[in-house]
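Residue numbering for the sequence shown follows the working numbering, starting at 154 and increasing by one per position.
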Amino acid sequence: MILFKRSEDLINYLEKARKLGQTIGFVPTMGALHEGHISLVKRSTQGTHITVCSIFVNPTQFNDQKDFQQYPVSVEQDILLLEAGGANVLFLPSVDTIYPAGTANPMPYDLGKLETILEGQYRPGHFQGVCQVMHRLLELVNPHKLYMGAKDYQQCMVVKRLIEIIGSKTILHISPTLREQNGLAMSSRNRRLNPEEQQKAALISQTLIDIKEKLVPGKLHQLKQNAKIQLEQNQFKVDYVEIADANDLTIIDDWDGIRPLVVLIGCFIGDVRLIDNMQI
Ligand code: AMP
154 MILFKRSEDL INYLEKARKL GQTIGFVPTM GALHEGHISL VKRSTQGTHI TVCSIFVNPT
214 QFNDQKDFQQ YPVSVEQDIL LLEAGGANVL FLPSVDTIYP AGTANPMPYD LGKLETILEG
274 QYRPGHFQGV CQVMHRLLEL VNPHKLYMGA KDYQQCMVVK RLIEIIGSKT ILHISPTLRE
334 QNGLAMSSRN RRLNPEEQQK AALISQTLID IKEKLVPGKL HQLKQNAKIQ LEQNQFKVDY
394 VEIADANDLT IIDDWDGIRP LVVLIGCFIG DVRLIDNMQI
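Right, here's the structure in full:
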């Protein structure tokens, strides 16, 4: 695996590969890698000639500075995992490399209601930051295929929209969520949970399964409310338990039994914020 820190070196290397007819797959991450990230790398190695992974903890997508400062970092271990996973290139830029003109967002992206619901509601500015960094990374890497995880369901929709807005030819591939044995969705933030909290956090995915099993056509308010209460009774601080259209994230209060759905949860255990979702 080759490690690049400077964008010029990365661009030159990938330009040569492109001229040789090689296809490029890209897996953007914020590091503190786990098997979920590596599953994306493996998919990329199967679908393209060269797999580029980036590790960059993007300051502009953190609405909470404490969350940014406490974000886990483990680059040396990440490098070993990426090599074992088959990545060819690691891009490890500095903040100045990604934002040479500073971190202010020069062009707000029109994300419509995607920006104001669910994660957007509870993390103001978050998706603008995601678009800002993804726009820059897509320009630098210019991949044929982009691999992202369904774990961040709304983020996938936002990036799909970004790709349309900037007229990129990159094709987005969305991979399923990898889970721990107890059902907890793998996440870098899980490292901040103690063993007891990690066990407890399994209630998030159990709640998603519970909703999926109980879901019948008709009004959904009570189902969402009961799930929220169950989490709160177990000391979670719940931002949302929502059921939405799986295609466009329109919140559904009355289900016709036909529309494809996704159930989404955003909540805190202690001061660690976790998200998860399940498609119906
Ligand atoms: P992050 O480092 O958290 O920004 O995540 C980088 C990429 O890995 C994103 O596309 C995530 O959706 C994806 N990802 C994170 N956790 C998982 C997981 N448990 N399973 C599959 N993909 C994941």
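Every residue gets a Cβ at the ideal spot worked out from N, C-alpha and C, and that includes glycine.
Placement of the Cβ of THR330 at a distance of less than 7 Å from at least one heavy atom of the ligand AMP is found.
In terms of Cβ geometry, ALA399 and LEU417 do not form a close pair [threshold 8 Å]. About 18 Å separates the beta carbon of VAL391 from that of LEU402, a gap too long to meet the 8 Å contact definition.
Taking a cut-off of 8 Å on C-beta distances, the stretch 297-312 touches the stretch 320-334, as three or more cross pairs fall below it.
If you draw a straight line from the Cα of HIS279 to the Cα of LEU356, it comes to about 26 Å. Of all C-beta pairs linking the stretch 243-261 to the stretch 374-382, fewer than three are shorter than 8 Å, placing the two stretches out of contact.
For TYR300, the closest C-alpha among the options GLY200, ILE164 and GLY184 is that of GLY200. The C-alpha of ILE319 is placed about 26 Å away from the C-alpha of LEU173. Under the DSSP assignment, SER197 falls in the alpha helix (DSSP H) whose first and last residues are 188-200. Within the same chain, Cβ atoms closer than 6 Å to the Cβ of ILE203 are found at ALA170, GLN175, ILE177 and ASN241, the five residues on either side in sequence being excluded. Taking every protein chain shown into account, the CB of ASP231 has 16 or more other CB atoms within 10 angstroms, so this residue is buried. In chain order, ARG332, GLY336, LEU337, ALA338 and ASP429 place their CB closer than 7 Å to the CB of SER358, counting only its own chain and leaving out the 5 sequence neighbours on each side. In the structure shown, LYS158 adopts coil according to DSSP, grouped into three states.
With a threshold of 7 Å, the Cβ atom of HIS190 counts as near the ligand AMP, since some heavy atom of the ligand is closer than that. Taking VAL286 as the centre and dropping the five residues before and after it, the same chain places the C-beta of ASN211 closer than 6 Å to its C-beta, in chain order. No Cβ-Cβ contact shorter than 8 Å links LEU243 with LEU315. In terms of CA proximity to LYS365, GLN432 leads the group ASN379, PRO246, LEU234 and GLN432.
Counting of Cβ neighbours within 10 angstroms places LEU233 among the exposed residues, the total staying below 16. Annotation: PHE280 is outside any beta strand (DSSP E); the continuous alpha helix (DSSP H) that includes it extends over 279-294. Every alpha helix (DSSP H) stretch that sits fully inside the stretch 373-424 and reaches 4 residues is listed by chain position as 374-386. Closest option to SER227, judged by alpha-carbon separation, among ARG342, GLU168 and GLN281: ARG342. In the three-state scheme derived from DSSP, where H, G and I count as helix and E and B as strand, ILE428 is classed as strand.
CA-CA distance, LYS195 to ASP162, rounds to 24 Å. In the three-state scheme derived from DSSP, where H, G and I count as helix and E and B as strand, SER341 is classed as helix.
In the three-state reduction of the DSSP assignment, PRO181 falls in the strand class, which pools E and B. Around the C-beta of ARG345, 16 or more other C-beta atoms lie within 10 Å, and the residue is accordingly described as buried.
Here the distance from the Cβ of ASP305 to the nearest heavy atom of the ligand AMP is below 7 Å. Taking 8 Å as the cut-off, the beta carbon of VAL180 is found closer than this to the beta carbon of LEU193. Taking C-beta atoms as the reference points, ILE362 and PHE389 fail to come closer than 8 Å.
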